[in-house]
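**Q**
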Amino acid sequence: MEKRMTGLIITGHGQFASGLVSALELLIGHQELLAAVDFESGQSWDTLMEHLKDAAGAMQTCDELLILCDMIGGSPYKCAAALTDADPRLTVLYGINLGMALELAIRCRMGLDHDAPALAGEMVATGKAQIGMYRSEPEKSDRKGQEDNLR
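This is the structure:
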């Protein structure tokens, strides 16, 4: 399969999207085919929808677009999902985190050798693998050794 040009649109509640784009640019520099669409407090559904349409329209040269949402069920997700009916280039991925977005941005910049839905499926597995927990184990103290050091 030939390499495809894929754009990324990140959307979410508050400044989630612009914050994620800022973090990505800190890590890998400016990305041409990357846009942030924030859903601010008091903003209407219609305004959010227009901003998403504008972001997608600005990427007309892309073969495919991935819209990366912060969570399922929220207004950004619902607007993005509604747009897929009108634009067959769109695939929506929800529950995005920085690690997933970073891998997507790098792979999209290099050019894809498969389609956006397949890549989105891979990112679901990547996202799950990046979630975990770390907890340090308290060091066991050797009282006798500490007392010897005081003498």
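For what it's worth, UniProt numbering labels the leading residue of the sequence shown as 1, then goes sequentially. Idealized CB from N, CA, C, for every residue including glycine.
Report the CB separation of Leu65 from Ala58 in whole angstroms; it is logged as a contact under 8 Å.
**A** Incorrect: roughly 10 Å between the Cβ atoms, too far for contact.
**Q** Return the Cβ separation of Leu68 and Ile10 in integer angstroms, given the expectation that the two are a contact with Cβ distance under 8 Å.
**A** Leu68 to Ile10, Cβ: 5 Å. Contact.
**Q** Does Gly127 come out as helix, strand or coil in the three-state DSSP assignment?
**A** Reduced to three states, the DSSP call for Gly127 is helix.
**Q** Just checking my contact of Cys79 with Leu119 at CB under 8 Å: how many whole Å lie between their CB atoms?
**A** About 22 Å separates the two Cβ atoms, so there is no contact after all.
**Q** Is Asp38 helix, strand or coil by DSSP?
**A** Strand, per DSSP.
**Q** Leaving aside the five residues before and after Pro76 along the sequence, list all residues of the same chain whose C-beta is less than 7 Å from its C-beta, in chain order.
**A** Cβ within range, chain order: Thr11, Gly12, His13, Phe39, Leu48, Cys69, Asp70.
**Q** On the DSSP letters alone, give me the boundaries of the alpha helix (DSSP H) that Glu137 sits inside.
**A** First-last for Glu137: undefined, no H or E at that position.
**Q** What number of angstroms, rounded off, separates the C-alpha of Ile96 from the C-alpha of Leu27?
**A** If I take the Cα positions, the gap works out to 17 Å.
**Q** Over the uninterrupted alpha helix (DSSP H) stretch that includes Ile106, give me the two end residues.
**A** Per DSSP, Ile106 belongs to the alpha helix (DSSP H) from 98-110.
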